[in-house]
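A short worksheet on the structure shown next.
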Amino acid sequence: MSETPDPVPLDRRRDRIVALVKSCGFMAVEELARRFNVSVQTIRTDLRDLQEQGRVFRRHGLAGPAPDPDNAAYEKREVWNRSGKMAIAAKVAELIPEGCTIAIGTGTTAELAAQHLSSHRNLTVLTNNLHVVMTLQNAPNVTLRLAGGTVRTRDLDIIGADSADFFGGLRADYGIVSVGGMTDDGDLLDFNMDEVRARRALVGCCDHAILMIDEKKVGRKALCRDGHASDFQTVLLNSAPGDALQRALVKARSQIVVVQ
877 MSETPDPVPL DRRRDRIVAL VKSCGFMAVE ELARRFNVSV QTIRTDLRDL
927 QEQGRVFRRH GLAGPAPDPD NAAYEKREVW NRSGKMAIAA KVAELIPEGC
977 TIAIGTGTTA ELAAQHLSSH RNLTVLTNNL HVVMTLQNAP NVTLRLAGGT
1027 VRTRDLDIIG ADSADFFGGL RADYGIVSVG GMTDDGDLLD FNMDEVRARR
1077 ALVGCCDHAI LMIDEKKVGR KALCRDGHAS DFQTVLLNSA PGDALQRALV
1127 KARSQIVVVQ
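For what it's worth, this note's numbering labels the leading residue of the sequence shown as 877, then goes sequentially.
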């Protein structure tokens, strides 16, 4: 008969929990309790304290690796799946008619979309993204309106309450946004609540909201969960959606556009 192993000391156990979920991904609380020979309640206490320290992430009885506290640098994100982003951006420009008002959010895909929109005539662009402004500054038939407020110098954008007030006081025919990440079934993720507030306000000001999701965003973790892909009238992807996301989008009557 095998002997029950002694419980691992608290500090060492918590370090090993962090290492284990980094290696294995999300694990059930009961499995962690079994592995470390402690009660489920003890593991829950460990996980609560570890989450407060930013070392793990808890969700629905599971523990997983903590998401990055902030997004990667803009220059790094520019080259991630660039061909997929370019295909999505080109398709966005096809969907946007001339002579309309469009709100454009933050991110590298938004900047690429602005490049493809530069030849549109009689376009008014509302944005909180300085990259979009610089891209369109010499476009002869585009009127630009930029959100006021504090610039996030790392990404050259304006987020939070300033952007929310800007978009909240305007109306656009179309709005295009991307997000920090998306779960396989369509929950939208961003890296902080200021990004969420800006996105929410932009979507709220437009008649037709378009979500741009390149395949590298699917399954990518970020701290803040808000909204779902099915909240958008059109969802553009460069790979086919999974079954759960497909069902949700069909149920919501969202237009699904997959580009290559």
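Every residue, glycine too, gets a C-beta built ideally from N, C-alpha and C.
Predicted model, so just to flag it, every value in this text is computed and none were measured.
Simplified DSSP assignment, three categories, for residue i
i, result
"T985", "helix"
"A1023", "coil"
"R1075", "helix"
"R1028", "strand"
"H1007", "helix"
"A1120", "helix"
"H996", "coil"
Identified DSSP bridge partners for residue i
i, result
"M1058", "L1064, V1094"
"L1112", "M1088, V1133"
"V1001", "I978, L1020"
"A1048", "C1082"
"V1053", "L1087"
"D1033", "N1005, R1028"
Nonlocal neighbours in the same chain, by C-beta distance under 7 Å from residue i, ignoring five residues either side
i, result
"V1094", "M1058, D1060"
"E906", "V916"
"R931", "V894, A942"
Whole-angstrom C-beta distance between residue j and residue i, which should lie under 8 Å
i, j, result
"I1086", "I1052", "5 Å"
"A990", "T1011", "4 Å"
"I980", "T1000", "That pair is no contact at about 11 Å."
"D922", "R889", "7 Å"
Neighbourhood of residue i by C-beta, 6 Å cutoff - its chain only, sequence neighbours within 5 removed
i, result
"P941", "V897, K898"
"M877", "For M877, the pLDDT reaches just 44, beneath the cut-off of 50, and the residue's location in the model is therefore unreliable, although a value from the coordinates is still provided. Nothing listed; no residue qualifies."
"R1101", "D1063, L1065"
"F1042", "A1023"
"V1134", "L1113, A1116"
"T982", "N1005, D1033"
"H996", "E974"
"G1103", "L1064"
"R1096", "G1057"
Close-in-space but distant-in-sequence residues of the same chain around residue i (CB under 8 Å, 5 per side omitted)
i, result
"E879", "Interpretation of E879 is limited by its pLDDT of 48, a score under 50 that renders its predicted location unreliable; the figure taken from the coordinates is listed afterwards. Same-chain partners within the cutoff: there are none."
"T985", "K961, I964, A965, S1054, M1088, D1090"
"G1080", "F1043, G1044"
Worksheet item: Can you list, in chain order, the stretches of the beta strand (DSSP E) that have 3 or more residues and sit fully within the segment 884 to 971?
Response: 932 to 935, 938 to 941
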